[in-house]
Amino acid sequence: MSQETPSNPLVPIAIVVAIPVLVCLILMLTDTGIERSLLWAAIKTGIILIVLGGAISFGVSRLAERNGSR
0 MSQETPSNPL VPIAIVVAIP VLVCLILMLT DTGIERSLLW AAIKTGIILI
50 VLGGAISFGV SRLAERNGSR
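Take 0 as the starting number for the sequence shown in numbering that gives the first Met the number 0 and just add one per residue.
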């Protein structure tokens, strides 16, 4: 019996969420009425939050793996 490693459940959710976000980003980049500095600030904030969420998810998965082996 082979042991399968559990996949991160955030990956499919991230893919589903990323598609409409990217479409909105493309639409906002092509719109001339949107202030570019505010748009780039929102993009930078989103990237920071994604990295922070990924780090927390990774840390929790390692903690759960360590506690599950007891």
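Ideal Cβ placement from N, Cα and C applies to all residues, glycine included. Remember, it's a predicted structure, so these values are computed and weren't measured experimentally.
DSSP state of Pro-19, grouped into three classes? helix
Do Ile-42 and Leu-24 have their C-beta atoms within less than 9 Å of each other? yes
Could you tell me the distance, in whole angstroms, from the CA atom of Glu-64 to the CA atom of Leu-51? 20 Å
Looking at the unbroken alpha helix (DSSP H) that takes in Gly-45, where does it start and where does it end? 35 to 67
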